[in-house]
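Asker:
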Amino acid sequence: MPLLDLKSEVEVSTFLRDCKQLTLLYLFTPWAPECQQITDVFRTLAEDCENRTVRFGMVNAEDVQDFCKKNEVSSVPVVLFYKDGKPVARVQGAKAAELTRTVTSLRGENYVQESLNARLKALINRAPIMLFMKGTPEEARCGFSRRMLEILHKHNVQFDSFNVLGDEAVREGLKVYSDWPTYPQLYAHGELVGGVDIVTQLEENNELLSTLGLQ
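Residue numbers (the UniProt record's numbering): 1 to 215.
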């Protein structure tokens, strides 16, 4: 991604707001000789195609003194690392090798998460009605999953399913991806409907089939 040359507190705040992917903010001063090497390294990293999923921004520390105080930046150069809107690392001083290692390490984590998210999205959209459950339709492994199956079968809902007990990455990742901490999870046309309590309520209100887009 292109390197952004930020100029103010507002631009820095906007740059860091809701940043889901790995984001680097480099603070420097143009008069500090130790910043020159890191500036060159930072620009090179930003131009590296291996870092295409990483966001890079740089700002003169003298232009964002309030930000520096809030984030305990007392000297430059310093590179702050953010992920999911939260600070995850920093490299203080003219440490080019450490900066490169940290980018590579966190970028790998970023790539793994993006790959998992792509897989989860594909699974959710594998069928118009998709059930993520503990066990299989033939052998449910928990009472809540069994109850969900009973409701779907009662209304002759055609669905595909995924056994989350057989894949820890999906089991834990989907909780975060959909912000839903329990199983089973029912999806309709790529959108989360909810768990067994919500599906039960929809059935009681005669709204289940319409919510699933089947009526």
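Idealized CB from N, CA, C, for every residue including glycine. Predicted model, so just to flag it, every value in this text is computed and none were measured.
So, with DSSP's three-state summary, where would you put Phe28?
Answerer: The answer is strand: DSSP assigns Phe28 an E or B state.
Asker: Who are the near neighbours of Tyr26 in its chain, counting only those whose CB is closer than 6 Å to its CB and skipping five residues on each side?
Answerer: So the list reads Phe42, Met58, Val79, once near-sequence residues are dropped.
Asker: To the nearest angstrom, how far is it from the Cα of Thr23 to the Cα of Val103?
Answerer: Going by the C-alpha atoms only, they are around 10 Å apart.
Asker: What did DSSP end up calling Lys121 once you bin it into helix, strand or coil?
Answerer: Lys121 falls in the helix class under three-state DSSP.
Asker: Could you pull the start and end residues of the alpha helix (DSSP H) that Asp40 belongs to?
Answerer: Looking at the DSSP string, the run of the alpha helix (DSSP H) that includes Asp40 is 33 to 47.
Asker: Roughly how many angstroms lie between the CA atoms of Ser210 and Glu204, to the nearest whole one?
Answerer: Answer to the nearest angstrom: the Cα atoms are 13 Å apart.
Asker: So, under 8 Å CB-CB, Val88 and Leu106 are touching, yes? Tell me the CB distance rounded to an integer number of Å.
Answerer: At roughly 7 Å, the Cβ-Cβ gap stays under 8 Å, so Val88 and Leu106 are in contact.
Asker: Alpha carbons only, please: which of Asp66, Asp197, Arg52 is nearest the one belonging to Glu11?
Answerer: Among Asp66, Asp197, Arg52, the Cα nearest to that of Glu11 belongs to Asp66.
Asker: On the three-state DSSP scale, how would you describe Ser161?
Answerer: Ser161 falls in the strand class under three-state DSSP.
Asker: Select from Asp48, Asp40, Leu16 the residue whose C-alpha is nearest the C-alpha of Pro2.
Answerer: Measuring from the Cα of Pro2, the nearest candidate turns out to be Asp48.
Asker: Please tell me whether Val176 and Leu186 are closer than 8 Å, where the distance is taken between their beta carbons.
Answerer: Against a cut-off of 8 Å, the Cβ pair of Leu186 and Val176 comes out as no contact.
Asker: In this structure, does DSSP put Arg55 in helix, strand or coil?
Answerer: Three-state result, Arg55: strand.
Asker: According to DSSP, is Gly190 helix, strand or coil?
Answerer: Three-state result, Gly190: coil.
Asker: If you follow the alpha helix (DSSP H) that Met130 is part of, which residue opens it and which one closes it?
Answerer: Unbroken run through Met130 is the beta strand (DSSP E), 129 to 133; no alpha helix (DSSP H).
Asker: Give the secondary structure of Tyr177 by DSSP, where H, G and I count as helix, E and B as strand, and everything else as coil.
Answerer: It is helical.
Asker: If contacts are defined as beta-carbon pairs under 8 Å, then Met130 and Ala140 qualify, I think. What distance do you get, rounded to the angstrom?
Answerer: Contact doesn't hold; Cβ gap of about 16 Å is too wide.
Asker: Grab me the residues of Glu9's own chain with a C-beta within less than 7 Å of its C-beta, minus the 5 sequence neighbours each way, in chain order.
Answerer: Here the set comprises Val64, Asp66, Phe67.
Asker: Give the secondary structure of Val91 by DSSP, where H, G and I count as helix, E and B as strand, and everything else as coil.
Answerer: If DSSP states are grouped into helix, strand and coil, Val91 belongs with the strands.
Asker: Within the same chain, show all residues whose beta-carbon is closer than 6 Å to that of Ala46, passing over the 5 residues directly before and after it, in chain order.
Answerer: Same-chain partners within the cutoff: Leu3, Phe56.
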